[in-house]
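Heads up, the thing below is written out as C-alpha cells.
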Amino acid sequence: MKFRVAGLLLTSALVLVLLGSLFLGLRAPEDGWELIAAGAPPVEDARVRVEVLNAAGVAGLARETPELLRAAGFDVVYYGNAGSRVPDSTVVLDRGRNTEAAIRVAAALGIEHILLEPDTALYLEATVILGPGFQTPE
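One gets my numbering by counting positions in the sequence shown from 1 and adding 2 to each.
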C-alpha cells in the first residue's frame with residue numbers, strides 16, 4: 003500500500019512538472035524575439051507544375067500541348083489520357099496550391115474555364131483537361 007501511495011505521489015509530481023514546463027515553453031519570449039510560423043516558400047520564383055490529360059478523343063493531343071506549356075515556362079510533370087473523366091469543354095483545375103498559377107496556365111492555352119479542385123496529394127498546381135473541340139493556340 004505504501005508503494006502505491008508513493009507511486010501516485012511521484013506520478014502526480016511528474017505530471018505537474020511536465021505541465022509547468024509546457025506552460026513556460028508556450029509563453030512569448032521576454033527578450034524581444036518574435037515567433038514566426040513557417041509557411042510555404044514564395045511561389046513567384048517556383049516553377050509551376052502541371053499535368054495535361056487528354057479527354058478530347060484526338061490522338062497525340064496530350065503529347066503536343068506540353069510542348070506549348072514548357073515553351074511558356076511551365077513544368078509539365080505528366081501527360082496522358084483522362085480516362086473516364088470527359089468534361090463538356092477544356093478546363094484547368096486549380097489544385098489549391100497557387101490560384102495565380104492556374105490562371106497563367108489557362109491564359110497560356112487560351113482556356114476560359116478554371117475550376118477549383120484542391121488535391122494536395124498530386125504535388126502540382128494545375129491539371130489541364132483537354133476536352134472535345136480543343137485547338138492548340140497558334
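We treat Cβ as the ideally placed atom computed from N, Cα and C, and that holds for glycine.
Predicted, not measured: the structure shown is a model, and the values here were computed from it.
Worksheet item: From R106, S14, V7, L10, pick the residue whose C-alpha is nearest to that of W71; which is it?
Response: Numbered from its first residue, the sequence shown carries residue 71 at position 69. First, the amino acid is wrong: residue 71 is Leu here, not Trp. Check the Cα spacing between L71 and each of R106, S14, V7, L10: the tightest is with R106.
Discussion item. Can you give me the C-alpha to C-alpha distance between A64 and D96, rounded to a whole angstrom?
Written reply: Within the sequence shown, numbered from 1, the residue matching residue 64 stands at position 62. Within the sequence shown, numbered from 1, the residue matching residue 96 stands at position 94. Their Cα atoms are separated by approximately 18 Å.
Discussion item. Please classify T122 as buried or exposed, where buried requires at least 16 neighbouring CB atoms within 10 angstroms.
Written reply: Working through the sequence shown from its first residue, we reach residue 122 at position 120. Exposed is the call here.
Item to complete: Count the other CB atoms, across all protein chains shown, that sit within 10 Å of the CB of P139; report buried if there are 16 or more and exposed otherwise.
Response: As a position in the sequence shown, residue 139 is number 137, starting the count at 1. Flag for P139 reads exposed.
Worksheet item: According to the Cβ coordinates, are L126 and R51 closer than 8 Å?
Response: Within the sequence shown, the letter at position 124 stands for residue 126. Within the sequence shown, the letter at position 49 stands for residue 51. Yes, these two residues count as a Cβ contact at 8 Å.
Item to complete: Please state if the CB of T129 and the CB of E53 are separated by a distance shorter than 8 Å.
Response: Taking the sequence shown and counting its residues from 1, one reaches residue 53 at position 51. Taking the sequence shown and counting its residues from 1, one reaches residue 129 at position 127. In contact: E53 and T129 (Cβ atoms closer than 8 Å).
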